Amino acid sequence: MNKILLIIQREYLSRVKKKSFIVLTFLVPALFIAMFALIAYIAVKGSDLGEERKVQVIDQTGVFEGKLQNTATMKYVYTGGSFEQAKASFLKEGYNYLLLIPANEGDVELLSEKNPSALTIESIESGLSRVAEARRLKAAGIDTAMLAQAQRRIAVKAKQITEAGEKDAQTYTAYAIGFLSAFLIYLCLLIYGTQVMRGVIEEKVSRIVEVIISSVRPMQLMLGKIIGVGLVGLTQFVLWIVISVGLSIAGGSIMAKKVTQSQQAQVQQMQQIAEDRKEIRQMAKPDNAAQTIMQSIESIPVAYTVSCFLFYFLFGYLIYSALFAAVGSAVDNETETQQFVFPITLPIIFTFALAQSFIINNPDSPLSVWLSMIPFTSPIAMMIRIPFGVPGWQLALSMFLLVVGFLITAWAAARIYRVGILMYGKKASYKELIKWFMYRE
């Protein structure tokens with residue numbers, strides 16, 4: 099046991115003390131948060147970031163003039179003249195597009211020097227369709243305001259019945275947590291498992307392992323290496339969680355203030371418009387988006403979710419790292435690993451692909467339950483299901499099978515590892531691996 103602890107200590111400290119570990123540990127959360135903040139900013143402000151484009155409009159119907167709404171990137175200028183004259187001169191006059199609307203409203207044309215984007219075409223089509231629809235409804239004697247009121251979308255507030263009473267289901271929050279947890283486990287099983295495999299190959303090629311084997315048993319060496327690298331990953335995860343939560347709380351409080359101020363300004367503007375028009379309306383205060391988000395986060399059982407995540411990450415990593423260690427012991431260089439790595443990673447690739455389309459939408463289906471029980475697929479499948487609520491007996495059984503699966507996998511991998519780690523110059527095959535597994539000590 100002391101020898102295993104020494105190997106764990108060596109593997110752990112040699113990686114934690116590296117500058118790359120320290121830099122990545124503190125840099126990755128900041129980069130991820132900055133990336134998502136930038137994506138959200140571009141999504142919200144995307145219309146304000148593009149270059150303004152001028153559209154010359156020749157409307158022979160007289161219906162659309164002044165009714166197409168200008169945006170931050172699209173400005174409509176209505177001019178007279180014939181189509182042919184406009185075609186010959188709109189580029190010289192500084193217009194990017196020429197919109198030709200014939201008298202019968204059919205075969206509307208958009209001319210430009212460069213190929214217009216799909217978003218530009220969609221924006222123009224939507225604007226024209228709205229104006230034409232309003233005109234047709236008015237001609238038919240239909241009140242557009244009443245029609246808009248009748249077509250108002252009904253929001254469904256999902257409730258979950260529990261022993262303590264009703265509570266908000268928080269379905270979209272569960273979606274986000276389940277997918278993010280599964281993605282992190284999927285990514286890190288591959289990253290840290292590959293680190294174990296490369297470490298084994300490096301020690302084998304450099305012949306250092308021959309010296310180490312003289313002092314410890316192959317099983318002890320493999321377990322020490324796997325657990326040491328696993329603790330490195332666990333340390334990095336805990337630090338990422340702490341740093342991410344701290345940065346998220348700080349950023350969330352700032353965003354909440356800005357959103358609240360923006361909403362207050364909107365309410366004041368709506369009230370001013372109502373007063374100016376002398377209209378009496380029942381004005382509902384808009385929902386506080388920041389408050390809703392914070393309530394969703396507060397409803398998450400953080401300790402329970404994080405504990406399950408760490409358990410499935412750790413034992414999922416132990417299972418796959420044992421297999422990666424066996425592969426590393428069987429080859430002399432990394433190029434020979436491909437034939438063995440793909441069958442090993444196929445279960446988690448399959449489960450992760452299925453999680454995005456099926457498990458996340460059917461967390462209680464028989465297939466989802468079975469995948470959350472099989473040790474090679476449960477780390478991803480169960481983490482998808484946990485935010486939606488999993489019966490206690492299923493969670494306990496899944497954890498038990500995962501631990502048993504690790505013990506069996508580690509035993510099988512060690513039998514290959516003890517022989518393969520001392521084999522040189524011979525390309526391994528599946529037949530050879532079976533022989534190594536069957537060898538008696």
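Count along the sequence shown from 1, add 98, and you get the number used in the working numbering.
We put the CB at the ideal spot given by N, CA and C, even for glycine.
Since the structure is predicted, the reported quantities are computational estimates derived from the model, not experimental observations.
Please classify residue i: is it buried, with 16 or more other beta-carbons within 10 angstroms of its beta-carbon, or exposed?
i	result
residue 293	buried
residue 343	exposed
residue 249	exposed
residue 526	buried
residue 301	buried
residue 100	exposed
residue 506	exposed
residue 167	exposed
residue 500	buried
residue 436	exposed
residue 450	buried
residue 336	exposed
residue 239	exposed
residue 247	exposed
residue 319	buried
residue 193	buried
residue 440	exposed
residue 516	buried
residue 313	exposed
residue 124	exposed
residue 219	exposed
residue 480	buried
Between residue i and residue j, what straight-line distance do the alpha-carbon atoms span, to the nearest angstrom?
i	j	result
residue 291	residue 416	8 Å
residue 498	residue 512	21 Å
residue 339	residue 284	17 Å
residue 535	residue 424	11 Å
residue 215	residue 235	30 Å
residue 459	residue 224	32 Å
residue 165	residue 187	24 Å
residue 104	residue 321	11 Å
residue 309	residue 315	11 Å
residue 531	residue 514	6 Å
residue 177	residue 170	21 Å
residue 489	residue 462	10 Å
residue 196	residue 137	32 Å
residue 129	residue 324	28 Å
residue 122	residue 487	33 Å
residue 469	residue 496	10 Å
residue 156	residue 135	41 Å
residue 289	residue 474	16 Å
residue 509	residue 251	58 Å
residue 286	residue 127	15 Å
residue 387	residue 278	The predicted model places residue 387 with a pLDDT of 45, which falls under 50 and marks its position as unreliable; any figure quoted below should be read in that light. If I take the Cα positions, the gap works out to 22 Å.
residue 448	residue 227	44 Å
residue 229	residue 183	26 Å
residue 379	residue 464	The predicted model places residue 379 with a pLDDT of 39, which falls under 50 and marks its position as unreliable; any figure quoted below should be read in that light. Spanning the two alpha carbons is a distance of roughly 52 Å.
residue 245	residue 213	37 Å
residue 270	residue 466	19 Å
Check the C-beta distance from residue i over to residue j and give it rounded, since I have them as a contact under 8 Å.
i	j	result
residue 326	residue 151	Their Cβ separation, rounded to whole angstroms, is 58 Å, which puts residue 326 and residue 151 out of contact at 8 Å.
residue 295	residue 422	4 Å
residue 419	residue 518	The pair is not a contact, with the Cβ atoms about 15 Å apart (cut-off 8 Å).
residue 208	residue 185	About 12 Å separates the two Cβ atoms, so there is no contact after all.
residue 59	residue 333	In the structure as shown, the chain begins at 99 and stops at 539. Residue 59 is therefore absent and cannot be evaluated.
residue 433	residue 485	Rounded, the Cβ-Cβ distance is 40 Å, inconsistent with contact.
residue 482	residue 457	5 Å
residue 329	residue 102	That belief does not hold up - the Cβ atoms of residue 329 and residue 102 are roughly 12 Å apart, past 8 Å.
residue 232	residue 453	Residue 232 to residue 453, Cβ: 45 Å. No contact.
Return the residue from the list the options that minimises the CA-CA distance to residue i.
i	options	result
residue 221	172, 407 and 307	172
residue 299	429, 478 and 100	429
residue 160	313, 452, 201 and 123	201
residue 400	272, 496 and 454	272
residue 180	198, 126, 192 and 174	198
residue 414	405, 476 and 471	476
residue 521	431, 213 and 480	431
residue 190	529, 276 and 211	211
residue 131	405, 341 and 406	341
If I follow the unbroken alpha helix (DSSP H) through residue i, where does it start and stop?
i	result
residue 149	Per DSSP, residue 149 belongs to no alpha helix (DSSP H) and is neither H nor E.
residue 529	528-536
residue 109	100-114
residue 457	Careful: residue 457 lies outside any alpha helix (DSSP H) and carries neither H nor E.
residue 211	First-last for residue 211: undefined, no H or E at that position.
residue 185	181-187
residue 237	216-237
residue 477	476-483
residue 467	464-469
residue 550	Not covered by the structure: residue 550. The range shown for the chain is 99 to 539.
Within the continuous beta strand (DSSP E) that includes residue i, where are the two ends?
i	result
residue 520	No beta strand (DSSP E) holds residue 520; DSSP gives it neither H nor E.
residue 199	195-199
residue 173	172-176
Nearest chain C C-beta to residue i closer than 7 Å, yes or no?
i	result
residue 318	The question asks about chain C, but that chain is absent: this structure has only one protein chain.
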